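Working notes, structure below.
Numbering (mature numbering (1 follows the signal peptide of the UniProt record, and there is no 0)), first residue to last: -22 to -1, 1 to 604.
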């Protein structure tokens, strides 16, 4: 009997062996190393040096009929001089699958930054060092981030201050939350959005006012500005560009900070960027010589760009494994104002400068993304790290479906973690079907998103806009300035494309730490068939002096309806555990949720313990930053 069994197994192995052999022969592998050369053949013994050369090799191999390919990267940091572009010719080629992965056990970093020369000079009699960067390949966006030995450094700035009143032209002419009046003023008198009154001797000792950035924190959004003029007698600060909401819309006492003046270089490790002179100033620690450290500034806006077509889905699935993505620039010169108003306002107020600031709306959606997926299908990011980036890490844009982000760490980024969808689905009205452009069937699973929103406080951990059948499961989202997860992009009860999304078993805590009117989970609009099940949300408060409504565990904003909220645990929320705005409990299925104001030193019910235990991710610290 044993002999018969062995004969059967042997016969089956002969049947399967050709299949395995053919598949193995069908994979082409090339290697990259910092010690390689792009004139090499790309073998393990003679690797390429750059990723762009490896991609050229992959495209050529695809033309030769090799459908499955792999790029293996040896340890090191790889500075890109241009983004890794997967254009439509690549996405629709004969290639079926491409894997880009780190060599087992080795750390690989893909950077959009540039290492600074070790040419720091100490300013006599001080601990301040300066570095001239006139030959640096840098233009446009000011330097908002500087890294020393892979650690983000603090840009020199003031404490958080409060405006004392709106500009005189606005006094007593606007009611709080008067959206109609705000829209009319934006169209007719946008200069009112460009300043406010301040208190104290704010500008004493500041000699480089033209270099200063003003960061304004409204309720659910924040903005960056440059200074046009200072009226010290009347204590009025005039800005070159408009805020999204004028001081006085929420309150006359709006939080703001001044950044990037040498007068604020007070603490070791702080720095200032002098844009006109192209110089960096750095306040060293006692005995420190910055020429003995490695400094990096971001240069590229984008690290990876999938550029599929508008009419066809991609045929190529690309997988990135065990890669760290670092150092991208944020977007700049973006304002939540219609182009027609911008054009008209520049004629009326020639001093307006829309290139030297940033004023986004909710979610800071236009702050940029390091990885943009347009027309991508079957892309995977697994066990990757996204850190030290300028805006969001990833945007899954239109015509993208069946993509997965799994076991990844997002930390210390200027914006949020992931955007799914687009806020502008031009010309599309829901008519019972889903056009191909709407992103769908994407998954974010077992990821940690933490300590981000460093530059753009309005950004969100994960935000779903117009998109359907996406799954957000087993993630941990923490220590963010605004909401943890946001879903929906319709401010009413109308039918839309946001439906059948699953936001389940996520652990969300210590979020909405800088702005207001947000939540651990924030919802907006009608969301047919969507579910929020088994999430664990805790420790959410309203920051001191923040404007607008409270922060909550769940915030069901305008039109929130047609979805279920079941089996969630919400604990240690300062204000309401959940809140409705232009919605109510009749429009949502609320079932078997647990709400508890206190959490410390208290035994939770058994069914709640099960929710708490199963929520969140398991990646722990298995993914290191650098």
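The beta carbon of each residue, even a glycine, is placed where N, CA and C say it ideally should be. Here the structure is a predicted model, which is why all the values come from computation and not from measurement.
_In the DSSP assignment, the beta strand (DSSP E) including residue 217 goes from what residue to what residue?_
214 to 217
*Do residue 282 and residue 349 have their C-beta atoms closer together than 8 Å?*
yes
*Grab me the residues of residue 356's own chain with a C-beta within less than 6 Å of its C-beta, minus the 5 sequence neighbours each way, in chain order.*
295 and 380
*Given residue 463 as reference, the closest of 482, 474 and 471 once Cα atoms are compared*: 482
*asked:* Here's the rule: buried if 16 or more other CB atoms are within 10 angstroms of the residue's CB, otherwise exposed. What is residue 585?
replied: exposed
_Continuous beta strand (DSSP E) assignments of at least 3 residues falling wholly in the segment 177 to 224_ = 191 to 195, 200 to 209 and 214 to 217
*Would DSSP call residue 269 helix, strand or coil?*
helix
*Does DSSP classify residue 605 as helix, strand or coil?*
Nothing about residue 605 can be reported from this structure: the residues present for the chain run from -22 to 604 only.
*What residue from 447, 510, 527 and 532 has the CA that sits closest to residue 487's CA?*
Among 447, 510, 527 and 532, the Cα nearest to that of residue 487 is on 532.
*Leaving out five residues on either side along the sequence, give the residues of the same chain with a beta carbon under 7 Å from the beta carbon of residue 148.*
170, 224 and 226
_Residue interval of the beta strand (DSSP E) (run including residue 160)_ = Run containing residue 160: none in the beta strand (DSSP E); it sits in the alpha helix (DSSP H), 157 to 166.
*asked:* Can you tell me where the alpha helix (DSSP H) holding residue 30 begins and where it ends?
replied: Per DSSP, residue 30 belongs to the alpha helix (DSSP H) from 29 to 41.
*Does DSSP classify residue 361 as helix, strand or coil?*
It is coil, neither helix nor strand.
*Whose CA, out of 28, 517, 359 and 7, lies closest to the CA of residue 15?*
28
_residue 343 to residue 19 span [Cα, whole Å]_ = Residue 343 and residue 19 have their C-alpha atoms roughly 42 Å apart.
*DSSP three-state call for residue 536: helix, strand or coil?*
coil
*From which residue to which residue does the beta strand (DSSP E) around residue 299 run?*
In the DSSP assignment, residue 299 falls within the beta strand (DSSP E) that extends over 295 to 299.
*What are the boundary residues of the beta strand (DSSP E) that includes residue 233?*
Taken as a continuous stretch (DSSP letters only), the beta strand (DSSP E) holding residue 233 covers 233 to 237.
_Could you give the first and the last residue of the continuous alpha helix (DSSP H) run that contains residue 321?_
317 to 326
*Is the beta carbon of residue 191 less than 8 Å from the beta carbon of residue 232?*
With contacts defined as CB atoms closer than 8 Å, residue 191 and residue 232 fail to qualify as a contacting pair.
*Output yes or no for whether 8 Å exceeds the beta carbon distance between residue 458 and residue 430.*
yes
*Answer with buried or exposed for residue 501, where buried requires no fewer than 16 other C-beta atoms within 10 angstroms of its C-beta.*
Under a 10 Å Cβ-count criterion, residue 501 is classified as buried, with 16 or more other Cβ atoms of the shown protein chains found around its own Cβ.
*Would you mind stating whether residue 52 and residue 11 have Cβ atoms separated by less than 8 Å?*
yes
*According to DSSP, which residues form a beta bridge with residue 373?*
350 and 397
*Nearest residue (CA-CA) to residue 299, options 382, 37, 530 and 334*: 382
*Kindly indicate the opening and closing residues of the alpha helix (DSSP H) around residue 586.*
Under the DSSP assignment, residue 586 falls in the alpha helix (DSSP H) whose first and last residues are 584 to 592.
*Out of 253, 325, 499 and 518, which has the shortest C-alpha to C-alpha gap to residue 509?*
499
*If you draw a straight line from the C-alpha of residue 658 to the C-alpha of residue 522, how long is it?*
Because the chain is modelled from -22 through 604, residue 658 falls outside the range shown and cannot be assessed.
*Beta carbon of residue 186, beta carbon of residue 240: below 8 Å?*
yes
*Using 8 Å as the threshold, is the segment 199 to 214 in touch with the segment 101 to 116, meaning 3 or more CB pairs across them?*
Short answer: they don't touch.
*Measure the beta-carbon distance from residue 400 to residue 376 and round it to whole angstroms, keeping in mind my assumption that it falls under 8 Å.*
5 Å
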